[in-house]
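Below is one structure, written out as structure tokens; the observations come after it.
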Amino acid sequence: MHNAAFASLGLDWRYLAFPVAPAHLEQAIRGALQMRFVGINLTVPHKILACPMMDALDESARKWGAVNTVRIEARMPGESWQPVAQLGECVESELEFRTQGFNTDANALAQALREDLDWKPEGSKVLLLGVGGAGRVAALRLASEGISSISLVNRTHSKAEALASEISFRFPQVRAQAGYPSDAPDLVLNASSAGLNQDDPLPFDESRLDFRRVARVFDMIYRPRETRLLAAARAAGCRTANGLGMLLHQGAKSLEIWSGKTAPISVMRRALHEAIYTESPIP
Ligand SMILES: NC(=O)c1ccc[n+]([C@@H]2O[C@H](COP(=O)([O-])OP(=O)(O)OC[C@H]3O[C@@H](n4cnc5c(N)ncnc54)[C@H](OP(=O)(O)O)[C@@H]3O)[C@@H](O)[C@H]2O)c1
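Per our numbering: the sequence shown = residues 325 to 607.
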């Protein structure tokens, strides 16, 4: 989606994927800075690890405790920091460089829930399945938006308990608990990775959750297009959406942070669909 957007915006840029081991993350980020990359996206398992490695953290990364977007910035002595993409002609030896970390996942989820499920957070009761990196950011973001309660279910129960305590401390107006809620949730959100493979178990106990009493179900997974969880929810009459909209919006915001230009959303959406859902995507 990024390369399609670069072409559409007339940017002579390339988006490339680099597998990096966690032990080499800091070297990889410094290397990107030295090579004058415009920016980087980080994914599992780097988003939390990268926070202390940034020279500066935007409010979005500080608030949600995870970095998925890095912008390389430069400045002349005594001046303000500028994205390298907007520097123009400068004598490089006179410049100082740094990395700034951002988080675009949290807002992207909120936008996807609004657009794809017409969901409004105010007063809502949420059941979150999975409290790994993405689940934690989702829980904190939704708690900040005026939901009334959140129940956290995780394979490793102690992690759900720890996050429930954190939410209760940071957002005392939200009822947060580890485990299944006693009444039906308005929204079930899957942020566990169970469902990525066709033979994965469901990330919840079927005897504890009746989809016939749930209005909306969102699965952060976008491949397969419909997970077993989404299929079960649809069959029970729930409104459902997968994680493609979230992926699109976090990418679009990253592009805007790097380039200062408005992201061509429809171009990016089309490229995503083609790459992810066509049988033989063009390499
Ligand atoms: N659409 C998007 O833009 C977007 C963005 C971010 C993430 N995601 C998706 O969200 C999912 C989670 O990502 P993440 O970054 O949070 O990963 P993560 O930090 O590795 O967390 C994985 C979570 O899934 C749970 N889990 C793993 N296998 C399970 C199983 N067999 N049964 C039940 N629970 C299981 C883990 O439970 P334990 O704590 O017990 O290990 C943990 O809560 C992934 O599928 C990822 O692709 C989508």
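Note that CB positions come from ideal geometry on N, CA and C, so glycine has one too.
With respect to the beta strand (DSSP E) encompassing residue 364, which residues constitute its N-terminal and C-terminal limits? 363-365
Thinking C-alpha only, which one of 510, 487, 576 is nearest residue 501? 487
Pairwise C-alpha distance: residue 469 and residue 510: 15 Å
Boundaries of the alpha helix (DSSP H) in which residue 383 is found, first to last residue: 383-388
Pick out whichever of 545, 505, 504, 533 has its Cα sitting closest to the Cα of residue 520. 545
Based on the DSSP secondary-structure assignment, which residues constitute the bridge partners of residue 408? The partner list for residue 408 (beta bridge, DSSP) is empty, contrary to what the question assumes.
Quick check: what's the CA-CA separation for residue 505 versus residue 394? 37 Å
Which residue's Cα is closest to the Cα of residue 687: 356, 450, 332, 330? Residue 687 lies beyond the range of the chain shown here (325 to 607); nothing can be said about it.
Let's see if you can read the secondary structure: which residues bound the beta strand (DSSP E) around residue 545? Segment: none, residue 545 is in no beta strand (DSSP E) and carries neither H nor E.
Can you list, in chain order, the residues of its chain with a C-beta nearer than 7 Å to that of residue 411? Leave out the 5 residues immediately preceding and following it. 398
Straight-line gap, residue 349 to residue 370 (C-alpha atoms, nearest Å): 8 Å
Bridge partners - residue 473, DSSP secondary structure assignment: 449, 499
Go ahead and pull the three-state DSSP assignment for residue 355. helix
Helix, strand or coil at residue 398 [DSSP, three-state]: strand
Rounded C-alpha distance that separates residue 608 from residue 360: Given a span of 325 to 607 for the chain in the structure shown, any question on residue 608 remains unanswerable.
Helix, strand or coil at residue 563 according to DSSP, with G and I counted as helix: strand
What's the C-alpha gap between residue 446 and residue 471? 5 Å
Specify whether the region 421-440 and the region 379-389 touch according to this definition: at least 3 beta carbon pairs, one from each stretch, less than 8 Å apart. yes
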